[in-house]
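Only one structure is covered here, and it is reproduced in the block below.
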Amino acid sequence: EAGVAQSPRYKIIEKRQSVAFWCNPISGHATLYWYQQILGQGPKLLIQFQNNGVVDDSQLPKDRFSAERLKGVDSTLKIQPAKLEDSAVYLCASSLGGAGTQYFGPGTRLLVL
Amino acid sequence: QKEVEQNSGPLSVPEGAIASLNCTYSDRGSQSFFWYRQYSGKSPELIMSIYSNGDKEDGRFTAQLNKASQYVSLLIRDSQPSDSATYLCAVNVNGNQFYFGTGTSLTVIP
Numbered sequence: 001e002a003g004v005a006q007s008p009r010y011k012i013i014e015k016r017q018s019v020a021f022w023c024n025p026i027s028g029h030a031t032l033y034w035y036q037q038i039l040g041q042g043p044k045l046l047i048q049f050q051n052n053g054v055v056d057d058s059q060l061p062k063d064r065f066s067a068e069r070l071k072g073v074d075s076t077l078k079i080q081p082a083k084l085e086d087s088a089v090y091l092c093a094s095s096l097g098g099a100g101t102q103y104f105g106p107g108t109r110l111l112v113l
Numbered sequence: 114q115k116e117v118e119q120n121s122g123p124l125s126v127p128e129g130a131i132a133s134l135n136c137t138y139s140d141r142g143s144q145s146f147f148w149y150r151q152y153s154g155k156s157p158e159l160i161m162s163i164y165s166n167g168d169k170e171d172g173r174f175t176a177q178l179n180k181a182s183q184y185v186s187l188l189i190r191d192s193q194p195s196d197s198a199t200y201l202c203a204v205n206v207n208g209n210q211f212y213f214g215t216g217t218s219l220t221v222i223p
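Take a look at the structure:
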């Protein structure tokens with residue numbers, strides 16, 4: 001069974017630029033999560049989708065971050081414009097249901113200069 | 114108050130010893146509890162999940178849950194150098210919201 005796929009794996013941008021990350025969850029997993037993990041901290045949930053609907057986006061900085069999962073499968077997370085403090089690893093995870101085990105992708109390492 | 118709190122460590126134990134990792138959570142609506150292991154530069158990977166009070170054993174790992182005390186722990190028996198990693202406690206609240214602790218760094222000394 002293929003795992004969660006993410007791209008790109010690494011990204012370096014300058015502040016005020018925009019960036020987008022892509023995630024393809026495990027086949028059949030209805031729930032998809034985006035996390036931000038800053039060095040030395042635990043993952044922080046940014047947004048949770050159930051199929052193509054948003055379940056929780058309470059910690060998503062909506063003035064600069066957006067995410068979509070239009071067909072209920074893969075998802076895109078965008079940052080526009082980026083700030084220095086957005087430097088982090090962005091993790092995508094998926095699960096069969098909303099309370100089940102989450103499986104993580106390899107992450108995208110973002111460095112904002 | 115943070116939703117999930119862990120001792121940040123670092124925790125060092127000799128090879129073959131028992132490592133004990135602790136986690137407390139604030140929301141009594143928390144329903145499911147998870148321990149993840151994260152090697153440096155890698156993504157978290159699930160070690161164990163636990164849903165009801167008591168102990169759950171899987172090989173060298175034992176998770177313990179006490180909902181009355183809002184406490185969950187992970188014991189690693191016969192610790193190996195390959196167990197050296199950061200251990201993340203995660204809590205699911207009301208079936209939707211997930212919160213991770215900051216992690217405990219474990220080093221197993223050969």
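Chains as they are written, first to last, in my numbering: chain A, 1 to 113; chain B, 114 to 223. Glycine residues also receive a C-beta, built at the ideal position from the N, C-alpha and C atoms.
Between which two residues does the beta strand (DSSP E) carrying residue i extend?
i: G208(B); result: Looking at the DSSP string, G208(B) is not in any beta strand (DSSP E), and its letter there is neither H nor E.
i: P127(B); result: 124–127
i: S218(B); result: 217–222
i: S162(B); result: 158–163
i: V185(B); result: 184–189
i: T76(A); result: 75–79
i: Y10(A); result: 10–13
i: K169(B); result: 167–171
i: A162(A); result: Any property of residue 162(A) remains undetermined from this structure, which presents chain A solely from 1 to 113.
i: S145(B); result: 143–151
i: L113(A); result: Segment: none, L113(A) is in no beta strand (DSSP E) and carries neither H nor E.
i: I47(A); result: 44–50
Is it right to say residue i is buried, meaning 16 or more other beta carbons lie within 10 angstroms of its own, or is it exposed?
i: I131(B); result: exposed
i: A181(B); result: exposed
i: F153(B); result: Residue 153(B) is actually Ser in this sequence, not Phe. That one is exposed.
i: Y164(B); result: exposed
i: R69(A); result: buried
i: I160(B); result: buried
i: A2(A); result: exposed
i: G98(B); result: A query on residue 98(B) cannot be resolved here, the shown segment of chain B reaching from 114 to 223 and no further.
Answer yes or no: do residue i and residue j have a C-beta to C-beta separation smaller than 8 Å?
i: A168(A); j: G97(A); result: With chain A covering only 1 through 113, there is no way to say anything about residue 168(A).
i: V112(A); j: I47(A); result: no
i: F211(B); j: L178(B); result: no
i: V19(A); j: I79(A); result: yes
i: Q17(A); j: P81(A); result: yes
i: A99(A); j: G208(B); result: yes
i: L91(A); j: Y10(A); result: no
i: I189(B); j: E128(B); result: no
i: T217(B); j: L134(B); result: yes
For residue i, return the contacting residues in chain B, with the cut-off set at a CB-CB distance below 8 Å.
i: G53(A); result: Correct list: empty, because the minimum Cβ distance to chain B is about 12 Å.
Can residue i be considered in contact with the ligand FMN, in the sense that its beta carbon sits closer than 7 Å to one or more heavy atoms?
i: L178(B); result: Absence of the ligand FMN from the depicted structure is noted, as is the absence of any ligand whatsoever, leaving it without description.
List the residues of chain A that residue i touches, going by C-beta distances under 7 Å, in chain order.
i: L159(B); result: T101
i: S145(B); result: A99
i: S139(B); result: Residues of chain A passing the Cβ test: none, with the nearest at roughly 15 Å.
i: S162(B); result: T101
List, in chain order, every chain A residue whose beta-carbon is nearer than 8 Å to that of residue i.
i: L201(B); result: G42, P43
i: S156(B); result: L91, F104, G105, P106, G107
Which chain B residues sit within Cβ distance under 9 Å of residue i?
i: D56(A); result: N209, Q210, F211
For the stretch 19–50 of chain A, enumerate the residues whose C-beta is nearer than 9 Å to any C-beta of chain B, in chain order. Y33, Y35, Q37, G40, Q41, G42, P43, K44, L45, Q48, Q50
Residues in the stretch 204–220 of chain B having any Cβ partner in chain A nearer than 8 Å: N205, G208, N209, Q210, F211, Y212, F213, G214, T215, G216
Just by C-beta distance, which residues in the stretch 91–106 of chain A are closer than 7 Å to chain B? L91, G98, A99, T101, F104, G105, P106
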